[in-house]
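Quick note, the sequences are listed as chains A and B, same order.
Under this note's numbering, the first residue of the first sequence is numbered 1, with each subsequent residue one higher.
Under this note's numbering, the first residue of the second sequence is numbered 111, with each subsequent residue one higher.
For glycine and all other residues, C-beta sits at the position ideal for the given N, C-alpha and C.
A quick note: this is a predicted structure, and the numbers were derived from the prediction, not measured.
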Amino acid sequence: MSWIDIGALDDIPAQGARVVKTAQGCVAVFRTLDDQVFALDDRCPHKGGPLSEGIVHGSSVTCPLHNWVFDMSTGAAQGADEGVVRTYPARVEGGRVLLDAAKLTAPRAA
Amino acid sequence: MAQKLVVIGAGMASGRMLEHLFEEAPGAYEVTLFNAEPRGNYNRIMLSPVLSGEKTFPEIVTHDTAWYDAHHVTCRFGERVTGIDRAAKLVLGENGPVAYDKLVIATGSTPFIIPLPGHDLAGVVAYRDLEDTNAMIAAADKGGRAVVIGGGLLGLEAAAGLQMRGMEVTVVHIMGHLMERQLDPSAGYLLQKALEARGITVLCKADSQEILGEDGRVKALKLKDGTELPCDILVMAVGIRPSTALGKEAGLAVGRGIHVDDAMLTSDPDILSVGECVEHNGQIFGLVAPLYDQARIAAKTLIGEAAVYVPREVSTKLKVTGCDLFSAGDFAEGPGREDIVFRDPGRGVYKRLVLEGDRLVGAVIYGDTTDGNWFFGLIKDATDISAMRDTLIFGPSFQGGAQADPLAAVAALPPEAEICGCNGVCKGKIVAAIQSGATTLDAVKAETKASASCGSCTNLVEQVMALTLGDVFARPTVQPMCKCTDHSHEDVRLLIKSRGLKSMPAVMQELGWKTPDGCASCRPALNYYLLADWPLEYKDERQARFVNERNHANIQKDGTYSVVPRMWGGVTTPAELRAIADAAEKYAVPLVKVTGGQRLDLLGVRKEDLPGIWADLNAAGMVSGHAYTKGLRTVKTCVGSEFCRFGTQDSTGLGIRLEKHLWGSWTPHKLKLAVTGCPRNCAEATCKDIGVVCVDSGYQIHVGGAAGMDVRETQLLTTVATEDEVIEIVSAFTQLYRETARYLHRIYKWLDKVGLDWAREQVVDDLENRRALAARFEVSQSVYRTDPWAEHARPSERAKWGPMADLTLKEAAE
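Spelled out as structure tokens, the structure:
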């Protein structure tokens, strides 16, 4: 994997998210209450809602448009809803947030 | 013949290493020990009990003169080492060089001093060695006030010690909760509560700006928000840095610490290093357990035995008498990890275990740490816990059965805790009534008046009955707030008040939340309840808000936002319209639309453009219209007596007055008003949450209308003669709604539960209560009557609204 530094952990509010623009669309980078980071496509499979604007709780996020809940570690919708959001390897090192560049720039399947 | 060993630094790691060395290979080395401090090895982690007065320095000395003599150690204490000549194998001391065959660098760490203006004033101390400790003891002897920067292990021990010596202590911590590296927010909350109970003031999320002095001595700490904390001594305990200067100057490989391999050898095979000055596989060290492991390995290496240092899990305990906490392993959430949370609000206990598959990987415990070492053992040994998973959290002595008790929060209430706010009935009175024969809810109601007015405490009264009567009492089931709790919205509201819970972790701990940080349903509700009940103490939690309130704009289906500036009472000016038109063109707004609330909506604005468009509108004197809040939206008006031939009063003027009075306030759901100038009702006041209909003799105040999913006509609350009375009654009524309604209930839904008659008693008939409600509304407004756009449009805030990184640029450049 080739890790790319996208910014400081402190640039992301705890229990919040920031967006990274890529040629293939926006990726939402989430920070949980205990400083875990997760990167997912910033697009709900339901109606395209920006997941980066959802409420973060535990390691889940609730879509701001229609309240679908996703497990950020797998990208899978929870409960009765069905759908999966693409996830990207993300980690924190020395206070910096790193994403896997190879996967970020790979073309998405539709 | 004995080889020559020189050790630089007499700390805990080198002391332990020498013990191992003399034990396993007595006489193998002739040792010279340098120490910059004018003394030998002592137990540095016991400085806290020395500071607090629970121990004396001689009690914590680990190696005395007799010990050094017995092992023929040449002590060069109080002498600095100025350099190492690796080619000649000499250590250069201030008083002359010493030759070595093997050298151990154990220089430890130095406290990190934040370079704030004033950090070099007298009275600003770190907390590292006996000199620092004695400086603090000397300061405390004079009494007065102390400020400690840093809410980590060391800072809190310093704070507790100074407090025990009689100082007034304030801890200033930049993070959201204490000891954030070892504790999660719930445990941090309990710790803060315990420290506050012993008289220590704790300020979290507090950013220091400057240390103020007078005549070269510290006088106060100034925070970025302008607060000044006067102090006679200021302790900085914000962290440590490995002391690597000697190693670096000698040309050894140095990163954050002096690089060592698994045998504790540096890049020079004749030089070893141990303790807080080393870096091993990218890791540096601050706790004592790994240091002791390193000491053992270094001793083996010195006597030529192969040995490998393996970092191990560490656990932390705070050495503050009366604060019982334990943390071990890795307690971050992550893929494939699961939490088991146990809270006992009555005893102030919080336990959280983090599992990964069949293994326990982390534990945070507050209040009852008796099982801490057992959990730590399971973590270290990576024990398969699948067989005991269901009962794991109850510890090794678990013998079956006990379940978390949903009644615990009510059981923990003292007899004087108020259950029924309307009638001022405390728990003790209800218990007494039940014990003297009131065994049904109606009987308790008749006997005590508890739950006889608005009824929102009914469930709490029933819980008191269940506790007092036991199984005899069949309690009707209630709808819990969400899956995180068994309590209803009404219970939570009342308990927040009666228990004095002023933060999100406080509510979640004291009321036994089943998740670590709630969910998208309870967090916004709790945030509202807390800010409504404690306007001065609680700080609005942005990440607990839905997107629209967090971003102060309404999100649209395509992820863009709408921007609605306020038009007081629906009145605007050519200058405002021009500014709106300019902004619409400048930001290429796709749609400008007139809203139902008599103002203009700019639709389709990109998130990153929001601060810019707000700044432009602010510059023209406009503020947020709060078109996105569960709070005051608009006050719709007709033109009234100023222009209309039928108008009876100045409805426009009153509407503007009301809007200027109410704007910025948060309410359980949206709040829409209208003021209409005559009963023809052109402003449609009778389908608003609160509607004022002007008549010849004065003003009719109507409440409880709606024109949404439900259409409701208002009911008449009262008629008054003056505008001032309108303002006072509307304020009081709004405050009553804010204080007693459930989150996401419009006024009509709330009135359906509490009854119009009850509300009228509170805000119309009872003049004293009306004034008190209006005064509480004003207190809250002193915080919230402010423009959020101006705050977020500040240049320093703008970058936060754009993307964190733009990789399209990078790709294009490659």
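Next item on the list: Would you mind stating whether B:Y210 and B:V116 have Cβ atoms separated by less than 8 Å?
Entry: yes
Item checked: C-alpha gap between A:R18 and A:V97, whole angstroms -> 11 Å
Notebook entry, point to check: Which residues does DSSP pair with B:I495 in a beta bridge?
Noted result: Looking at the DSSP assignment, B:I495 forms no beta bridge with any residue, so it has no partner.
Item checked: Separation of B:F756 from B:R790, as counted between CA atoms -> 9 Å
Check: Going along chain A, which residues have a C-beta under 9 Å from B:R633?
Finding: Q15, I55 and H57
Next item on the list: Pick helix, strand or coil for A:Q24, following the three-state DSSP scheme.
Entry: coil
Notebook entry, point to check: For a contact meaning CB atoms closer than 7 Å, what does A:D11 contact in chain B?
Noted result: M914
Notebook entry, point to check: Looking at chain B, which residues of the segment 15 to 34 of chain A have a Cβ within less than 8 Å of any of its Cβ atoms?
Noted result: Q15, G16, R18, V19, V20, K21, T22, A23, C26, V29, T32, L33 and D34
Check: So, B:E320 versus B:P227, is the Cβ gap smaller than 8 Å?
Finding: yes
Next item on the list: Kindly provide the ranges of any alpha helix (DSSP H) runs that are 4 or more residues long and lie completely inside the segment 660 to 701 of chain B, ordered along the chain.
Entry: 684 to 696
Next item on the list: Compare the Cα-Cα distances from B:S608 to each of B:T595, B:Q545, B:F583 and B:L570 and report the closest residue.
Entry: B:L570
Margin query: Taking 8 Å as the threshold (beta carbon to beta carbon), is A:P64 in contact with chain B?
Written below: yes
Check: B:A360: buried (16+ other C-beta within 10 angstroms of its C-beta) or exposed?
Finding: buried
Next item on the list: Please list the residues of the segment 84 to 104 of chain A that have a C-beta atom closer than 7 Å to any C-beta atom in chain B, keeping them in chain order.
Entry: L104
Notebook entry, point to check: Near B:S425, what residues of its chain come up, given a Cβ to Cβ distance below 6 Å and the 5 sequence neighbours on each side ignored?
Noted result: A438 and F486
Check: Over what stretch of residues does the alpha helix (DSSP H) that includes A:K103 continue unbroken?
Finding: A101 to T105
Next item on the list: Please look up how many angstroms separate the CB atoms of B:L827 and B:I837, rounded, as I've assumed it's under 8 Å.
Entry: Not a contact, Cβ separation roughly 14 Å.
Checklist line | alpha helix (DSSP H) runs wholly inside the segment 313 to 392 of chain B, at least 4 long, in chain order | finding: 355 to 359
Next item on the list: Give a yes or no on whether 8 Å exceeds the smallest Cβ distance from B:L917 to chain A.
Entry: yes
Next item on the list: Figure out for me which residue from B:W776, B:C788, B:W724 and B:A737 has the closest Cα to the Cα of B:T747.
Entry: B:C788
Checklist line | Chain-ordered chain A contacts of B:P352 [CB-CB under 8 Å] | finding: Going along chain A, no residue has its Cβ under 8 Å from B:P352, so there is no contact; the nearest lies around 15 Å.
Margin query: In the DSSP output, what is B:A746 paired with across the bridge?
Written below: According to the sequence as given, residue 746 of chain B is Lys; it is not Ala. B:K746 is bridged to B:A784.
Notebook entry, point to check: For a contact meaning CB atoms closer than 9 Å, what does B:T625 contact in chain A?
Noted result: H57 and G58
Margin query: From the DSSP secondary-structure annotation, give me the bridge partner or partners of B:D195.
Written below: B:L200
Next item on the list: At 4 residues or longer, and completely inside the segment 545 to 610 of chain B: list those alpha helix (DSSP H) runs for me, N to C.
Entry: 551 to 558, 568 to 579 and 599 to 608
Next item on the list: Give every residue of the same chain whose Cβ lies closer than 7 Å to the Cβ of B:A725, excluding the five residues on either side of it in the sequence, and list them in chain order.
Entry: A903
Notebook entry, point to check: Could you give the uninterrupted runs of the beta strand (DSSP E) lying entirely in the segment 50 to 85 of chain A, keeping only those of 3 residues or more?
Noted result: 55 to 57, 60 to 62 and 69 to 71
Check: Is the CB-CB distance between B:R291 and B:G262 below 8 Å?
Finding: yes
Check: Mind checking if A:G79 is an interface residue toward chain B, Cβ cutoff 8 Å exclusive?
Finding: no
Check: alpha helix (DSSP H) containing B:S124: first to last residue?
Finding: M122 to E134
Item checked: When B:E528, B:A232 and B:T175 are compared against B:R327, the one with the closest alpha-carbon -> B:A232
Margin query: On the criterion of 16 or more Cβ atoms from any shown chain inside 10 Å, does B:I224 qualify as buried, or is it exposed?
Written below: exposed
Check: So is B:N391 buried or exposed if we call it buried at 16+ other beta carbons inside 10 Å?
Finding: exposed
Notebook entry, point to check: Ends of the alpha helix (DSSP H) at B:D834?
Noted result: E833 to T850
Notebook entry, point to check: Who are the neighbours of A:P50 on chain B, taking C-beta pairs under 9 Å?
Noted result: V657, I665, G669 and K717
Check: Which one of B:V715, B:R308, B:T829 and B:F144 has the shortest CA to CA distance from B:L202?
Finding: B:F144
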